[in-house]
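Q: The structure is given below, and queries will be raised subsequently.
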Amino acid sequence: MSETADPELECSGPSKLTSQSTLQSPAASTETQRTTLVTRQLAQEIEADREFQEWVRIYQNADGTKREVLLQTSQSIVKYVDPAVFVFRKSYIRDPTPFRLMDLPIELRLRIAEFALASEEPLEWYWSTYEDDKRVGSFKDLDRVTGLARACRQLYTDISSFVWKVNVLRFGKYCLGEACYDSRLGLAGNHDKVETSRFLYVYEASHFFLRNISSTCLKQVRGLTFKVGMPYEEPLTSEVFQSIARISKMIPSAKIRLEVINWFHMGKMQLHRQWALPSKSTLRFMTRARQIEASLAAIDFQTEKRNWRIYPNSITRPEFLEDELEGDELQTALRWCTEGI
């Protein structure tokens, strides 16, 4: 919106016409009054425009309750806008000044890009083609979150690698798709072998991605999640840990999360509440954690230098544990959920 009056109206305003008023005809005098009225009305609209822009700024920064108050107490300003859609009425529209992202300083553009390219949920890997001689994969929703980077060549150069920096990349048991799911795994009969084989599919996908991404983008990767089942017996458990350790060396600046889907707590059953005994789910949860700790201890991993941690299935809720554990045992279990092993 323009904040200056039309120069043609200014030059025909009251200050220019007063000295000649005695020489004007009645028709000219009427035209002068009309011009003066238009000039004053425009000046009032310009002032209202300033007030409205300030009101918009306050409204956008207010929470829901304060917005309701603003709408109820600012009727002189609200009349120019439809609050439901926040659009100017036609009688109040001016030609807006165009906003160009590329006119901003590079620092602001990069900061905006970090928000624009971030997804609320992890980006999930999937195979679009999985054949012996050809494999093609990507992440779900990658096209959606990278829209800004494809707006122009300069933006692509500046921010295309940011998507790996601001998002968590997830490789999960169910992200492989039908193209590479081995139906024979369900007939293997040995639970540990099944879980190990499935993990190897997940490991292969992550290794494929890290091996084929550019070195520039590889350095930007900050978060990786593996959501898989874990074998219970050695040496299969140790093989999984060693595979994760190899991945971690490829991206030492990233934080890697191994979420074990068959390590969980389902909550307390009514039967166990009556008997005042720890539920089977709690016993199973604690036993599984001790097995994982023992397997890690058997391998020469330096815990303080590991950039990967092991977490229980996210379906586990702190309140499940608080119902049945107490003291040091409870604090340890809660720490596993928040900080991992």
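Those letters in the sequence shown? Residues 75 to 415, per the numbering used here, in order. The C-beta atom is built at its ideal place from N, Cα and C for all residues, glycine as well. Computed from a predicted structure; not experimentally measured.
When the Cα of Glu188 is compared with those of Gly211, Tyr200, Asp232, Arg331, which residue comes out closest?
A: The shortest C-alpha separation from Glu188 is found at Asp232.
Q: Please go through the same chain and pick out, in chain order, the residues whose beta-carbon is closer than 6 Å to the beta-carbon of Arg362, but skip the five residues on each side of it.
A: For Arg362, where only same-chain residues beyond five positions count, the Cβ hits under 6 Å are Trp337.
Q: Between the Cα of Gly297 and those of Glu128, Leu175, Ser202, Arg331, spot the shortest distance and give me the residue it belongs to.
A: The candidate whose alpha carbon is nearest that of Gly297 is Arg331.
Q: Would you mind stating whether Trp238 and Ser322 have Cβ atoms separated by less than 9 Å?
A: It is not a contact, given that the beta carbons lie outside the stated cut-off.
Q: So if DSSP puts Val277 in a beta bridge, which residue, or which two residues, is it bridged to?
A: According to the sequence provided, residue 277 is Tyr. The question's Val does not apply to it. Partner(s): none; Tyr277 has no beta bridge.
Q: Report, in whole angstroms, the separation of the C-beta atoms of Tyr277 and Ser317, which I expect to be a contact under 8 Å.
A: The pair is a contact, with the Cβ atoms about 5 Å apart (cut-off 8 Å).
Q: I believe Phe236 touches Leu191 by the beta-carbon criterion, under 8 Å. Please report the beta-carbon distance rounded to the nearest angstrom.
A: That belief holds up - the Cβ atoms of Phe236 and Leu191 are roughly 5 Å apart, short of 8 Å.
Q: For Phe315 and Phe283, I'd like the C-alpha separation in whole angstroms.
A: Each residue's Cα considered, the two are about 19 Å apart.
Q: Should Gly401 go down as buried or exposed, given a rule of 16 or more other Cβ atoms within 10 Å for buried?
A: Looking at its Cβ environment, which holds fewer than 16 other Cβ atoms inside 10 Å, Gly401 is exposed.
Q: Counting only the same chain and skipping the five closest in sequence on each side, list residues whose C-beta sits under 7 Å from that of Lys214.
A: Around Lys214: Leu197, Glu198, Tyr200.
Q: Spatial neighbours of Lys301 within its chain, please: C-beta separation below 7 Å, excluding the five flanking residues on both sides.
A: The residues are Arg244, Gly246, Lys247, Glu333, Ile335.
Q: Here's a check: name, in chain order, each residue in its chain whose Cβ is nearer than 7 Å to the Cβ of Ala371, leaving out the five neighbours to either side.
A: Within the same chain, Ala371 has no close Cβ partners at all.
Q: Helix, strand or coil for Trp382, going by three-state DSSP, please let me know.
A: Trp382 falls in the strand class under three-state DSSP.
Q: Tell me which residues share the same chain as Cys411 and place their Cβ nearer than 8 Å to its Cβ, disregarding the 5 neighbours each side in the sequence.
A: Around Cys411: Tyr385, Pro386, Thr390, Pro392, Leu395.
Q: Taking the alpha carbon of Ser369 as the point to measure from, which residue in Tyr306, Ser234, Glu269 has its own alpha carbon closest?
A: The candidate whose alpha carbon is nearest that of Ser369 is Tyr306.
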